[in-house]
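Colleague:
Number of protein chains: 2
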Amino acid sequence: MAETSSTYEKALQEFRELDRKICRYNEAASLLNWDMRTGAPRKGLDGRSEVIGMLASEAFLLATSPRTGELLEQLEEPGTEGRLSEIDRKLVSETRKTYDRSVKIPPKLYEEYVVLASQSESAWEEARANNDYAAFQGYLDRIIGYTNQFIDLWGPKETRYDTLLDDYEPGMTVAELDGIFNSLRGELVPLASAIAESSNKPDRDFLQGHFDKEKQKEFSRYMLEQLGFDFEAGRIDESMHPFQTTINLQDVRITTRYLPEDVTSALFGTIHEAGHAMYEQNVTPELAGTSLCRGTSMGIHESQSRFWENTIGRSRPFWQRYYGDLQSRFPEQLKVSAEQFYRSQNTVQPSLIRIEADELTYNLHIIIRYEIEKMIFNGGAKAADLPAIWNEKYREYLGLTPPTDADGVLQDVHWSAGLFGYFPSYSLGNMYAAQMADTMERQLPNMWELVARGELASIREWLTQNVHRHGKLLTPKEIILGATGKPLDSSYLVKYLKDKYTDIYKL
Amino acid sequence: MAETSSTYEKALQEFRELDRKICRYNEAASLLNWDMRTGAPRKGLDGRSEVIGMLASEAFLLATSPRTGELLEQLEEPGTEGRLSEIDRKLVSETRKTYDRSVKIPPKLYEEYVVLASQSESAWEEARANNDYAAFQGYLDRIIGYTNQFIDLWGPKETRYDTLLDDYEPGMTVAELDGIFNSLRGELVPLASAIAESSNKPDRDFLQGHFDKEKQKEFSRYMLEQLGFDFEAGRIDESMHPFQTTINLQDVRITTRYLPEDVTSALFGTIHEAGHAMYEQNVTPELAGTSLCRGTSMGIHESQSRFWENTIGRSRPFWQRYYGDLQSRFPEQLKVSAEQFYRSQNTVQPSLIRIEADELTYNLHIIIRYEIEKMIFNGGAKAADLPAIWNEKYREYLGLTPPTDADGVLQDVHWSAGLFGYFPSYSLGNMYAAQMADTMERQLPNMWELVARGELASIREWLTQNVHRHGKLLTPKEIILGATGKPLDSSYLVKYLKDKYTDIYKL
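Chains as they are written, first to last, in the numbering used here: chain X, -14 to 492; chain H, -14 to 492.
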């Protein structure tokens, strides 16, 4: 018995070390990637991807090695559950999940796929530039083909598309999401139409001008301090495309991009990335150095960035508090009132391009992609069918028809890279955020007064308590249930959008 | 025959891949180290050393694996020399050297040593702060003991200390260095005394003042451009202790430290590090991605940094050209003439601390350390003997007696970290630089006119042609012989120093 106990303890020790080593590889790869996208000298980038690739591949080899399989079996032996702490138990089950998913794919097949995905991304880039869907179509069909092979190898869930969805939002199903998205679409399509017909449109003309970059930078830093971003555990830099990356629990970095002609682009970008970053900075230190020390899913992650960017950052009380601070830095350019500024940041306008969409119509862009992904994997739609389907759905939900495929089906990189099942996360984030805000309003009755005073600490602490600290210890479903007492429900987002835009557009 | 050929080719291919993989690990480790010392958020540094340590250890495991031993044997098989390119041949012989050196040390012994060295460095830091040599003495004896064990395992060369020397300056011997250093010391001790007695001392008082950091930064960047540092293949940042690090051939980074009260500290620091950096930036691209893509030795590396910092950067023509540029940035503080500024940057003053020493007496600091290291490894001196030996040599060569051990034998980190044989590189650098400058003056007869016009390209190109491009393909001895037609000779440095300081101090 003592012998067995010691064998078990040894296996657990080795397993934890293995997980720590994987985390160390990931820390190195993340830093190299961050450097590549921020300040690395141009000529030195040749070969940098190979270095990152090598580190990622070493981590992958560890995670999928036969030894990992043996350790998992030892630690999962029936009757041993009680010997593992909550953290170790979760670590074992998460490692098992990755292990099973990976070992089911023959290495040769996976290699072929990686090469294809890389070629396909390049082909997409060119096809979009040339507005030439035909040149990309073959790649897309092959990417879909491989993904279908993977679904077969992993084993389809309720539907084939469920298998993909679960990878980004564990526990989410087509059955659940159909209900949520159908109801959301049913509410948002008429709301967007009503807004489009309103004659009370916010003015945005005054936003034009030249905004000194150094002053923008300084305001972004000020904003981060106000939100509670910990500069001793993070930093902000510039990059072409803003992103957040986690080096480790106490080294969480964000980037932004300052446009001289647009003072709000970097500002809301910074707030968005800070939402992601504060999630990662506030995971409990107990999880430090383990692979559980991360946000639990794409959807919950987006809820944090969108909560700060939209729910708080595009609210009237927020600008009652902060407009003066912004105006004092740009007195020549910003002569309007706080209310006018607030309205200008909340215009709704159906458009063709997802990444430029407002917080309301954004969800319709996502629903279109979700419905098309289902048609591909559950309905057998081919690449050749997609442009027509795409254009028809844009006409139906947004009242617009893309003049070219470049403005339509070719606009996103995701499918070219094989990322199917990812898009729903963005709208899930909006819905989670609205549902959390609803609970928060009841638990912090003076919430909006606090915002109007710039006292954001108790809001951030609510999020840390209910979301951040858990890292990957809880599933998305456990998070939303624990935080709000209810499973995900789209009605909170609908109510939030209706209330806000009825007021702004005087519907 | 075809079979054998293909086996050989396969081994060569595998060997090159192995070397490339080692380089990739090193690239990652270097970047993590750079980040740790420049901009990483404070709280995130916990555990960063472990990540770097893991990467270094993976590289070490590869370099010393049994498979590497097998490949080396295959590639070294008698009669196969002609089948390897010059680069591959050198790669094999360098890998062999590292391999032999490493596999001779039992892993357990090496681990003990690494732990001890780390403790010893901490103990040294504390001992220096408390001026308590006795607290460090035991560590130093143990570090010396391990080093002696390593010498036995590696196999002593002509003398035991030769084994250590060769690790930093391949091919250098005690016999050669004794001759060189004895003659150098014989010339420099009286020269330093004569200078000390001169009544024509340069004025440095005018250097006091406050120098805006942003302007200093801007001037450092301007200086780097003038020298020919390639900003598309490098960058400059700030750190507590200035350093140069190579991420890869086209990503060579330097740091500096701006002191608001001293305009020359960051300036000469930047020029020094740029000398190191331009060496690494200008290795031939044929060596890119191999472990030969580095400077060939510590001594040759220091020759490049010191050539730019002292030979060029502290020359009269250089300040004839650039003083105006500096003055225009600090007109309030710098009211003296170019000549006065030039003189102020060339004061000679015997002092106790090596890192604050001028370019003349610096060599005496090094000779003292060299002589003591020989006494330890060839003469059996113990840690307990060192303070007395140290103080006696400082009195004899520099005319000074350290008031405390903190200002004496405890001042350098090197011995606490087991770096024996490293110090001579600094003076070797000075001597190589002077000897190269002598050849350069004859091959570029208008060299100093070019400097006075700020046309530094042909000087840099001379260095690239004769030094930089070869990377580790040539040994230090081959470099100095190839560049100057003669083996290393201290008389060039003596002549340079005599000429320069006879003029400045009117001796």
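Each residue gets a CB set at the ideal place from its N, CA and C atoms; glycine is no exception.
1) Using only CA atoms, which one of X:35, X:3 and X:4 lies nearest to residue 5 of chain H?
2) Check for me: the alpha helix (DSSP H) holding residue 414 of chain X runs from which residue to which?
3) Determine the chain H residues that contact residue 236 of chain X at a beta-carbon separation under 7 Å, and present them in chain order.
4) For residue 227 of chain X, tell me which candidate among X:217, X:236, X:260 and X:98 has the shortest Cα-Cα distance.
5) Of all the alpha helix (DSSP H) runs that stay within the bounds of the segment 296 to 356 of chain X, which reach a length of 4 or more residues?
6) Is the segment 344 to 363 of chain X touching the segment 229 to 243 of chain X, taking contact as three or more C-beta pairs under 8 Å?
7) Of all Cβ atoms in chain X, is any one closer than 7 Å to the Cβ of residue 217 of chain H?
8) Rounded to the nearest angstrom, how far is the Cβ of residue 495 of chain H from that of residue 127 of chain H, given a contact under 8 Å?
9) Please report whether the beta-carbon of residue 203 of chain H lies at a distance below 7 Å from any beta-carbon of chain X.
10) Does the structure place the segment 97 to 113 of chain H close enough to the segment 48 to 68 of chain H that three or more beta carbon pairs sit under 8 Å?
11) Under 7 Å between C-beta atoms, does residue 79 of chain X make it to chain H?
12) Which partner residues does residue 229 of chain X have in the DSSP bridge list?
13) Specify whether the segment 405 to 424 of chain X and the segment 273 to 288 of chain X touch according to this definition: at least 3 beta carbon pairs, one from each stretch, less than 8 Å apart.
14) Using 8 Å as the threshold, is the segment 30 to 44 of chain H in touch with the segment 239 to 247 of chain H, meaning 3 or more CB pairs across them?
15) Give the single residue among X:455, X:201 and X:275 whose Cα lies nearest to the Cα of residue 313 of chain X.
16) Quick one: is residue 505 of chain X near chain H, going by C-beta distance under 7 Å?
17) Assuming residue 236 of chain H contacts residue 26 of chain X under a Cβ cut-off of 8 Å, what Cβ separation, rounded to an integer in Å, is found between them?
18) Quick one: Cα of residue 393 of chain X to Cα of residue 339 of chain X, how far?
19) State yes or no: is the beta carbon of residue 20 of chain H nearer than 7 Å to at least one beta carbon in chain X?
20) Hey, is residue 474 of chain X's beta-carbon within less than 7 Å of any beta-carbon in chain H?
21) Could you pull the DSSP bridge partners for residue 247 of chain X from this structure?
22) When burial is assigned at 16 or more other CB atoms within 10 Å of the CB, is residue 359 of chain H buried or exposed?
23) Distance check for residue 125 of chain X and residue 298 of chain X, CA to CA, integer angstroms please.
24) Just tell me which of H:355, H:48 and H:465 has its CA closest to the CA of residue 404 of chain H.
25) Looking only at C-alpha atoms, which of X:180, X:138 and X:482 sits nearest to residue 335 of chain X?
26) Exposed or buried, which one is residue 123 of chain X when buried takes at least 16 other CB atoms within 10 Å?
27) Tell me which residues share the same chain as residue 220 of chain H and place their Cβ nearer than 6 Å to its Cβ, disregarding the 5 neighbours each side in the sequence.
28) Excluding the 5 residues flanking residue 256 of chain X on each side, which residues of the same chain have their C-beta closer than 6 Å to its C-beta?
29) Measuring CB to CB, does residue 387 of chain X end up less than 7 Å from residue 337 of chain X?
30) In chain order, what residues of the segment 271 to 285 of chain H put their CB closer than 7 Å to some CB of chain X?
31) Who are residue 222 of chain H's beta bridge partners in DSSP?
32) Quick check: residue 330 of chain X and residue 437 of chain X, are their CB atoms within less than 7 Å of each other?
33) What span of residues does the alpha helix (DSSP H) with residue 215 of chain H cover, start to end?
34) How is residue 278 of chain H classed by DSSP in three states: helix, strand or coil?
35) Quick one: what's got a C-beta closer than 6 Å to residue 319 of chain H's C-beta in the same chain, skipping five residues either side?
36) With a cut-off of 7 Å, does the C-beta of residue 157 of chain X fall near any C-beta of chain H?
Modeller: Working from what's here:
1) X:35
2) 409 to 428
3) 25, 26 and 29
4) X:260
5) 301 to 314 and 323 to 329
6) no
7) yes
8) Residue numbering for chain H in the displayed model covers -14 to 492; residue 495 of chain H lies beyond these limits and cannot be assessed.
9) no
10) no
11) no
12) X:239
13) yes
14) no
15) X:201
16) The question about residue 505 of chain X has no answer, for chain X in this structure spans -14 to 492.
17) 5 Å
18) 10 Å
19) yes
20) no
21) X:244
22) buried
23) 38 Å
24) H:355
25) X:180
26) exposed
27) 238
28) 293, 294 and 298
29) yes
30) 274
31) H:240
32) no
33) Neither: residue 215 of chain H is in no alpha helix (DSSP H) and is coded neither H nor E.
34) coil
35) 312
36) no
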